[in-house]
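This report refers to the structure that appears directly beneath it.
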Amino acid sequence: MIEAAVLGPGGVGGLVAAALDRAGTPVSVVARSETVATIEREGLRVRSVRLGEFTALPRAIPHLSWPVDVLFVATKATALPDALERIARPWPKLVIPLLNGLEHLALLRDRFGADRVLAAVIRVESDRPAPGLVVQTSPFLRVDLAPDPRAERIAHLLRAAEIPTRIGESEAEVLWRKLVRLNALACTTTAHDAPLGEIRSRADWRAELLGAVEEGAAVARAEGAPIEPGEVLDELWEAHAGLTSSLQRDVAAGRPNELDAIAGAVLRAGERHGIGCPTIAALADAIRR
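The letter at position 92 of the sequence shown is residue 90 when you use the numbering used here, and the numbering goes up by one with no holes.
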């Protein structure tokens, strides 16, 4: 049986950990002391429109010091360097990051070794309103894994926990397929502090959404990911009108945010390839103000 651990049991990591625990996978969550105390006392509570309402009882620990089979890393990008101090040798056998952006992979591979880190993304709208509480408000949920001989085993583990999982065409395709969509959604909803339905309903905001998708897809293609803008736009037109982004929620609450990990990553990649991204740059500037 696979033994798993989750670093960062927030909206994403908490949902994954709770689902794995409910499916019978031995799982530990690695968190700050106050979160550990809450989970030990009350369990990991889930309110999910997809998975239902339940309380999971994973092992909660402040540090991981033995080699689990797989470590899911689900912190915010801004919290990753400090959070990694909670993972001690011997290293996990496999590390699967579920973070936004791209550039965390270099940090993780430098720390754990390139062969231990399998690129992945998760698509979910889930939040942690309080320690030990996870709320998923949209039914969409999927993990995408980069192709690798070990990926099918992880996909089976996640599917058994009712988390739909896809093995992508390439690492670049997996990462950029999410980032192009996320960047456009996050930048527009945050810049205008409005849900996706309002962005779509106003011609000027809709034009920004379209521009962000087209610019992001151009950068993705230069990075080796054949992302078609029309496919991304179809997803955004079909998504529910109340959809927001974690970036929007973090900025509104004055918390550390992932603007640099999301829009910044696209802009830096565009600069490397000589591709201008004026819409994304303007939205990012508006958010910073």
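All C-beta atoms in this analysis are idealised placements derived from N, C-alpha and C, irrespective of residue type, glycine included.
Coil, strand or helix - residue i by DSSP
i    : result
L234 : helix
I120 : strand
A196 : In the sequence on display, residue 196 carries Glu and not Ala. Residue state, collapsed to three classes: helix.
G130 : coil
P224 : coil
T135 : strand
V172 : helix
T188 : helix
V178 : helix
V217 : helix
G12  : helix
T242 : coil
T36  : helix
E312 : Residue 312 lies beyond the range of the chain shown here (-1 to 287); nothing can be said about it.
P254 : coil
T76  : helix
S63  : coil
T163 : strand
R204 : helix
Euclidean distance between Cα positions of residue i and residue j
i    : j     : result
E256 : A284  : 15 Å
R126 : V10   : 8 Å
G8   : I273  : 35 Å
G41  : D248  : 25 Å
A294 : A189  : No answer is possible for residue 294: the residues shown for the chain start at -1 and end at 287.
L234 : A159  : 27 Å
A118 : L105  : 15 Å
E213 : D113  : 32 Å
A77  : F70   : 15 Å
R286 : K176  : 23 Å
S168 : L103  : 15 Å
I278 : N181  : 8 Å
P147 : I161  : 20 Å
L96  : W203  : 29 Å
G288 : E269  : Here the chain has residues from -1 to 287 only, and residue 288 is not among them.
D108 : P254  : 24 Å
T53  : A280  : 43 Å
I324 : E229  : In the structure as shown, the chain begins at -1 and stops at 287. Residue 324 is therefore absent and cannot be evaluated.
G12  : A251  : 20 Å
R57  : L207  : 42 Å
L265 : R179  : 14 Å
V14  : R43   : 12 Å
R84  : A35   : 16 Å
R20  : G130  : 15 Å
S63  : L55   : 20 Å
T187 : R39   : 36 Å
A201 : V122  : 27 Å
T33  : L183  : 30 Å
S244 : M(-1) : 34 Å
Beta-carbon contacts of residue i that lie in its chain and below 8 Å, excluding the five residues immediately before and after
i    : result
H238 : S136, L194 and G195
A149 : L116, L143 and I165
F110 : W89, P90 and V93
R198 : R204, L207, L234, W235 and A239
Cβ-Cβ separation, residue j to residue i (assumed contact under 8 Å), whole Å
i    : j    : result
I59  : S26  : 5 Å
I120 : W174 : So it is not a contact: roughly 15 Å between Cβ atoms.
A205 : C185 : Not a contact, Cβ separation roughly 13 Å.
A261 : A282 : 4 Å
H61  : A86  : 6 Å
Own chain partners of residue i with C-beta closer than 6 Å, once the 5 adjacent residues on each side are dropped
i    : result
E1   : P24, V66 and D67
L231 : V211
A259 : A75, N98 and G99
A223 : A170, E171 and W174
G240 : P193
T242 : T187 and P193
A16  : L42, V44 and A54
E101 : A263
A215 : V178, I225 and P227
7 Å CB neighbourhood of residue i in its chain, flanking five on each side removed
i    : result
A220 : H271 and I273
A81  : L5, G6 and T73
L156 : V141 and T163
A267 : V217 and E221
L18  : A2, V25 and A159
D191 : Q246 and A250
Closer than 7 Å: residue i CB and nearest the ligand HEM heavy atom
i   : result
D80 : The ligand HEM is absent from the structure shown, which contains no ligands of any kind.
C-beta neighbour in chain C for residue i, strict 8 Å
i   : result
R39 : Absent here is chain C; the protein component of the structure consists of one chain.
Closer than 8 Å is the cut-off here; do at least three beta carbon pairs connect the segment 125 to 142 with the segment 48 to 67? Flag = yes, the segment 125 to 142 and the segment 48 to 67 touch.
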